[in-house]
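Participant: Here it is, the structure, as structure tokens.
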Amino acid sequence: MTHSTSPYSADVRIVGIGSYLPALREANAARLAEFGVDEAFLHRKLGILARAVKAADESIRDLCVQAYRDLTAQHAIAHDEIELCCVVTQNPDHAIPHTAAILHHRLELPRACMTFDISQGCAGYACGIAIVISTMERLGLQRALLFTCDPYSKIVDRNDKNTALIFGDAASVSYLARSGPGYALVDASFGTAPGSSACLRSDDVLMMDGSAVLMNAAREVPASIRGLLVKHGLALADIDRVLLHPGSKRVVELIRSALELDPVKAPFEIASYGNTVSSSIPLMLKQPLHDLAHRRLVLSGFGVGFSWGSCLVELRSSPESANDHT
Amino acid sequence: MITPEDVLHVVDSTDLPVTAAKLRVDAPFLTQGLDSLDIATLMVAVETRFQKVIPEDQLGRLRSVNDIVNFLNA
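Just so you know, the sequences run in chain order A and B.
Position 221, counted from 1, in the first sequence is what numbering that gives the first Met the number 0 calls 220; the numbers after and before it change by one each time, with no gaps.
Position 23, counted from 1, in the second sequence is what numbering that gives the first Met the number 0 calls 22; the numbers after and before it change by one each time, with no gaps.
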């Protein structure tokens, strides 16, 4: 692997992920009769047995701060040299200011630090990675934090069968830097299905057309992933893991089927905490990033919009600089 | 010309809670043990098998095997 010293080179990589799942869980099994569904529905279709739920007085910034603490417990972060802080959310604590500015204050980040939010849903991590890394590489930034946090418990109607059993609360933070082992962005592919923006919407309460979400995902995501790989002369056999946004077990199974992937290569691991929207992929990426066991991954998020984003990432290991991100 | 049997073959190729043998072609899916997620799953399989996109405004109208057959042959 080459490692350029130019501040504008394309060597930014994700070197660490911190996460936070609230300890409180709500079991879906307790609500089956209420919604007229059975255990088979939970296990075979949703695949979600419990949902992580934040405390009523926990804010988005609280969740993000907990994720940051988890990050710093595992990685030595050059805190005073963070030059960009971005938060992906569609449920901010306040309309103004942007959540990244609030976090900037709470975390006592440096004055010379760009802050902004990205309004995106389940494709938010893919969008965030592409935007943050592109900005870092264009402007020569060295270190950045990318948060995701969309606690849907704020907007889900507990009596809505379409949404009440699906979403969990979580936050994540990805640390991006130019040295140390991690995953670099090779390329990304994005899209939005025309006329589909009503499939997930909220003024105060979340409304979801689950059938439209599932059909759009099945139509668009496999093609997005295949197109991204073909562009780089790769096939799915060249990819070690495909981390699909785990909207539900059924949607992941449909995409797996279309791409002929098995559950090991495209896991579904949210049974104990639910669909955490933009945090779902970083939660899944955390362990592979820790283990550095896989060379190439595809990260694919999809949902609100209906939008999708797929990132091809590749392991960069620079042993000579493994401690540089300290 | 696509027949009800062609669509029933698609039913059997999916992981739905009913088999083609037990599915009445003239009755709504919702009265035969399929929920909206199952129906969406079937529609995805139909689109894939017959290489035809089902427009959003048609989805709610395809309530039975016969409805799907009529749509595909239209």
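Just so you know, even glycine gets a beta-carbon here, dropped at the ideal spot from N, CA and C.
Could you check if T1(A) is buried or exposed, using at least 16 other CB atoms within 10 Å of its CB as the buried criterion?
Facilitator: Because the pLDDT at T1(A) is just 43, under 50, the model does not fix this residue reliably, and the point stays unresolved.
Participant: At what residue ranges does the region 53-128 of chain A contain a whole run of the beta strand (DSSP E), taking only runs of 3 or more?
Facilitator: Listed in chain order, the complete beta strand (DSSP E) runs (minimum 3 residues) inside the region 53-128 of chain A are 83-87, 113-117.
Participant: Output yes or no for whether 9 Å exceeds the beta carbon distance between G167(A) and A51(A).
Facilitator: Contact: yes.
Participant: What residues of chain B sit near K44(A), judged by a beta carbon separation below 7 Å?
Facilitator: Here the neighbours are L36.
Participant: Less than 8 Å between C-beta atoms, sequence neighbours within five positions excluded: which residues of the same chain meet that for T4(A)?
Facilitator: Bear in mind that a pLDDT of 49 at T4(A), under 50, signals an unreliable position, so the number given afterwards is only what the model happens to contain. Once the five neighbours on either side are set aside, T4(A) has no close Cβ partner at all.
Participant: Short check: CB of K53(A) to CB of S210(A), under 9 Å?
Facilitator: Not a contact, by the Cβ cut-off of 9 Å.
Participant: Check each residue of the region 185-205 of chain A: if its Cβ is closer than 8 Å to any Cβ of chain B, include it; give the result in chain order.
Facilitator: Taking 8 Å as the Cβ-Cβ cut-off against chain B, the residues of the region 185-205 of chain A that qualify are G194, S195.
Participant: Excluding sequence positions up to five away, which residues of its chain have a Cβ less than 7 Å from the Cβ of I67(B)?
Facilitator: So the qualifying residues of the chain are V6, V45, L61.
Participant: What's the gap between the Cα of A176(A) and the Cα of I16(A)?
Facilitator: About 12 Å.
Participant: Looking at S278(A) and A169(A), is the spacing between their C-beta atoms short of 9 Å?
Facilitator: Yes, Cβ-Cβ distance for A169(A) and S278(A) is below 9 Å.
Participant: Which residues does DSSP pair with D186(A) in a beta bridge?
Facilitator: For D186(A), which the question treats as bridged, DSSP gives the partners L311(A).
Participant: Between the beta-carbon of A187(A) and the beta-carbon of L213(A), is there less than 9 Å?
Facilitator: Not a contact, by the Cβ cut-off of 9 Å.
Participant: Going by C-alpha to C-alpha distance, which of S133(A), P193(A), P150(A) sits closest to R142(A)?
Facilitator: Measuring from the Cα of R142(A), the nearest candidate turns out to be S133(A).
Participant: Does E33(A) have its Cβ less than 9 Å from a Cβ in chain B?
Facilitator: Judged by the 9 Å Cβ criterion, E33(A) is not in contact with chain B.
Participant: Taking only beta carbons into account, state which residues of the region 210-225 of chain A come closer than 8 Å to chain B, listed in chain order.
Facilitator: The residues in question are S210, A211, L213, M214, A217, R218.
Participant: Any C-beta of chain A sitting closer than 9 Å to the C-beta of A39(B)?
Facilitator: By this cut-off, A39(B) is an interface position.
Participant: Have a look at V11(A) and W307(A) and give me their C-alpha separation to the nearest angstrom.
Facilitator: C-alpha separation (whole angstroms): 23 Å.
Participant: Can you tell me which of the three DSSP states V229(A) falls into?
Facilitator: In this structure, V229(A) counts as helix in the three-state DSSP scheme.
Participant: Tell me, please, whether the CB atom of R50(A) is closer than 9 Å to any CB atom in chain B?
Facilitator: False, the Cβ-Cβ gap to chain B never drops below 9 Å.
Participant: What's the gap between the Cα of V64(A) and the Cα of D149(A)?
Facilitator: Taking the straight line joining both Cα atoms gives about 14 Å.
Participant: Leaving out five residues before and five after S12(B) in sequence, what residues of the same chain have Cβ atoms less than 8 Å from its Cβ?
Facilitator: Closer than 8 Å at the Cβ level, and outside the excluded window around S12(B), lie A44, R48.
Participant: How about L253(A): is its C-beta nearer than 9 Å to some C-beta of chain B?
Facilitator: By this cut-off, L253(A) is an interface position.
Participant: From the beta carbon of A39(A), is the nearest beta carbon of chain B less than 9 Å away?
Facilitator: For A39(A), the answer is yes, since a Cβ of chain B falls inside 9 Å of its Cβ.
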